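Engineer: Before anything else, here's the structure in question.
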Amino acid sequence: MRRNDVQFAAAARDDGIRKISKVTWRAGAAGVVCSALIAVAFGHHAAAQPQKGGDQGQGTIVIPAQPPAPAHGAGQVNSGAS
Amino acid sequence: MTTLTTGTDTFSVFGTTATLLVSEPDMVEAARIIADEQLAAVDRACSRFRPDSELSRLNAANGAVTGVSDLFAELVEAALRAARLTDGAVDPTCGQALEEIGYDRDFAVLQADEQPRHRARPARRVPGWRSVQLDRKRLLAQLANGAQLDLGATAKAWAADRCAEVIAAKIGAGVLVSLGGDMAVAGPPPADGWRVRVTDDHAAGPEAPGQTVTIRTGGLATSSTTVRTWAVGGRRVHHIIDPATGEPAGSCWRTVSVAAGRCVDANTASTAAIIRGEAALPWLNEAGLPARLVRHDGSVETIAGWPHDPGPTEAA
Numbered sequence: 281m282r283r284n285d286v287q288f289a290a291a292a293r294d295d296g297i298r299k300i301s302k303v304t305w306r307a308g309a310a311g312v313v314c315s316a317l318i319a320v321a322f323g324h325h326a327a328a329q330p331q332k333g334g335d336q337g338q339g340t341i342v343i344p345a346q347p348p349a350p351a352h353g354a355g356q357v358n359s360g361a362s
Numbered sequence: 012m013t014t015l016t017t018g019t020d021t022f023s024v025f026g027t028t029a030t031l032l033v034s035e036p037d038m039v040e041a042a043r044i045i046a047d048e049q050l051a052a053v054d055r056a057c058s059r060f061r062p063d064s065e066l067s068r069l070n071a072a073n074g075a076v077t078g079v080s081d082l083f084a085e086l087v088e089a090a091l092r093a094a095r096l097t098d099g100a101v102d103p104t105c106g107q108a109l110e111e112i113g114y115d116r117d118f119a120v121l122q123a124d125e126q127p128r129h130r131a132r133p134a135r136r137v138p139g140w141r142s143v144q145l146d147r148k149r150l151l152a153q154l155a156n157g158a159q160l161d162l163g164a165t166a167k168a169w170a171a172d173r174c175a176e177v178i179a180a181k182i183g184a185g186v187l188v189s190l191g192g193d194m195a196v197a198g199p200p201p202a203d204g205w206r207v208r209v210t211d212d213h214a215a216g217p218e219a220p221g222q223t224v225t226i227r228t229g230g231l232a233t234s235s236t237t238v239r240t241w242a243v244g245g246r247r248v249h250h251i252i253d254p255a256t257g258e259p260a261g262s263c264w265r266t267v268s269v270a271a272g273r274c275v276d277a278n279t280a281s282t283a284a285i286i287r288g289e290a291a292l293p294w295l296n297e298a299g300l301p302a303r304l305v306r307h308d309g310s311v312e313t314i315a316g317w318p319h320d321p322g323p324t325e326a327a
């Protein structure tokens, strides 16, 4: 085999490996993205399960629209333990 | 003044005191009729002290799948949601733990009974909320691992929310419903809001040590280790069970009050705060829940927008 033929074959092999490697990386990246999307979708679904039949804010403790405001004197009613 | 234009009704329910405040005084009677109807339904569904309640039937089913009403399913769902949102700090499977420390009858009866009580067996972790299976669609429930439900932590607050919503919708007036100090408001509030005295004991007088605030929306709940206590084996115990130990929580807080978008959320957070102890401060802050926490020495911490309260230490 002539020296040029050997070099050509080696270059072709390296080129092939590069292409396969690129395709593999792309497939891997696509797999990771798909996995993430599926995880987000199912994660959301799992968290949403108990919301069935419920009101807003099932996934978190709902904060008040307005915090209590300071006042003086007696109250109309007591908030204490029972 | 708000007090002159607000109708009030006070009555007994769930072994505690209920108060209705209605912005239209002539609507109080109508509000009471609606409240009675709603509260009776909740009692039939989830009283631990009624053998004919759905909760008693489920607890007695020895782990069998049991058909439940839509109302009971909603109450169980609210309890499971509270458990999930607090990482299990507020757990509905404390029924057995409460019975083992003597809370096996209506509290008024328990208090009147002066017989000395002792633990039947050592305390242990409760079965846990994941032992409760609920199929909302088919209205089926099942308890695993010997779990016994107690919905006391959430059902009263849930009932306050439900009463306030239904009353406001039906009579078109503003209303505050307090069930043993757990309160929900709905409809248009009075011009200067609903004035609430935050204190250890909901049954204390209007000038009880504490702080007065006004609320206009949502719910407000207070949990405390100083009320609903009794003696077991020579020591005082209370009804807030730490699921991790099956014992009454040994908290650094005497009393915790929390404001939230709904009463059931306020109660969930105040009960969890008692159980979490010091860790409750960053947890409530992060959740943005205005809260007032009282230590055993009476010193007060206010966070997340709750009005500053100097407490007895600074005020003295």
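Going down the list, the sequences are from chains A and B. Residues in the first sequence are numbered consecutively from 281, following this note's numbering. Residues in the second sequence are numbered consecutively from 12, following this note's numbering. Built from N, CA and C at the ideal position, the CB exists for glycine as well. If you're wondering where the values come from, they're calculated on a predicted model, not measured in any experiment.
Since B:Phe22 is in the beta strand (DSSP E), which residue starts that stretch and which ends it?
Structural biologist: Its beta strand (DSSP E) spans residues 18-24.
Engineer: Report yes or no: do three or more beta-carbon pairs, one from the region 297-309 of chain B and one from the region 268-285 of chain B, lie closer than 8 Å?
Structural biologist: yes
Engineer: Find the residues of chain A that neighbour B:Ile226, judging by a C-beta separation of less than 7 Å, and give them in chain order.
Structural biologist: Pro348
Engineer: For the region 347-362 of chain A against the region 28-40 of chain B, do three or more pairs of beta-carbon atoms, one drawn from each stretch, fall closer than 8 Å, so that the two count as touching?
Structural biologist: yes
Engineer: With DSSP run on the structure shown, which of helix, strand or coil describes B:Gly288?
Structural biologist: helix
Engineer: Starting from the N-terminal side, write out each stretch of the beta strand (DSSP E) that is 3 residues or longer and does not extend beyond the region 156-220 of chain B.
Structural biologist: You should have 186-190, 193-197, 205-212.
Engineer: If distances are taken between C-alpha atoms only, which option among B:Val76, B:Leu66, B:Ala100, B:Ala84 comes closest to B:Ile285?
Structural biologist: Nearest Cα to B:Ile285 within the set B:Val76, B:Leu66, B:Ala100, B:Ala84: B:Ala100.
Engineer: Taking DSSP as the reference, what is the three-state secondary structure of B:Asn73?
Structural biologist: B:Asn73: coil per DSSP, three-state reduction.
Engineer: So for A:Gly311, helix, strand or coil by DSSP?
Structural biologist: helix
Engineer: Counting only C-beta atoms, is A:Ser362 closer than 8 Å to chain B at any point?
Structural biologist: Chain B, which has a Cβ nearer than 8 Å to the Cβ of A:Ser362, makes this yes.
Engineer: May I ask you to list, following chain order, the residues of the region 293-309 of chain A that have a beta carbon less than 7 Å from some beta carbon of chain B?
Structural biologist: none
Engineer: Kindly say whether B:Pro199, judged by its beta-carbon, lies nearer than 8 Å to any beta-carbon of chain A.
Structural biologist: no
Engineer: Less than 8 Å separating the beta-carbons of B:Leu150 and B:Gly74?
Structural biologist: no
Engineer: With DSSP collapsed to three states, give me the class of B:Gly107.
Structural biologist: The sequence given here places Gln at residue 107 of chain B; Gly does not occur at that position. Three-state DSSP puts B:Gln107 in a helix.
Engineer: Are at least three pairs of beta-carbons, each pair with one atom in the region 205-214 of chain B and one in the region 223-231 of chain B, less than 8 Å apart?
Structural biologist: yes
Engineer: Taking the C-alpha atoms as reference points, what is the distance between B:Arg43 and B:Asn70?
Structural biologist: 31 Å
Engineer: Closer than 8 Å, CB to CB, is B:Asp117 near chain A or not?
Structural biologist: no
Engineer: Can you have a look at A:Ser301 and say buried or exposed, based on whether 16 or more other CB atoms are within 10 angstroms of its CB?
Structural biologist: exposed
Engineer: With a threshold of 16 other CB atoms inside 10 Å of the CB of B:Phe25, please say whether the residue is buried or exposed.
Structural biologist: Answer is buried; the Cβ neighbour count reaches 16.
Engineer: Let me see if you follow: with CB-CB separation under 8 Å, is B:Met38 close to chain A or not?
Structural biologist: no
Engineer: Touching or not, the region 88-102 of chain B and the region 159-168 of chain B, by the rule of three or more beta carbon pairs under 8 Å?
Structural biologist: Yes, since at least three Cβ pairs between the region 88-102 of chain B and the region 159-168 of chain B fall closer than 8 Å, the two stretches touch.
Engineer: Throw me the rounded Cβ distance for the B:Ala219 and B:Gly198 pair, which I believe falls under 8 Å.
Structural biologist: No, B:Ala219 and B:Gly198 are not in contact; Cβ-Cβ is about 27 Å, not under 8 Å.
Engineer: Is it buried or exposed, B:Ser189, if we count other Cβ atoms within 10 angstroms and call 16 or more buried?
Structural biologist: buried
Engineer: Taking the C-alpha atoms as reference points, what is the distance between B:Glu85 and A:Lys299?
Structural biologist: 58 Å
Engineer: Nearest-angstrom Cα distance between A:Ala376 and B:Ser235?
Structural biologist: Only positions 281 to 362 of chain A appear in the structure, and residue 376 of chain A is not among them; the question remains open.
Engineer: Can you name the residues that DSSP bridges to B:Thr97?
Structural biologist: Bridge pairing for B:Thr97: absent [DSSP].
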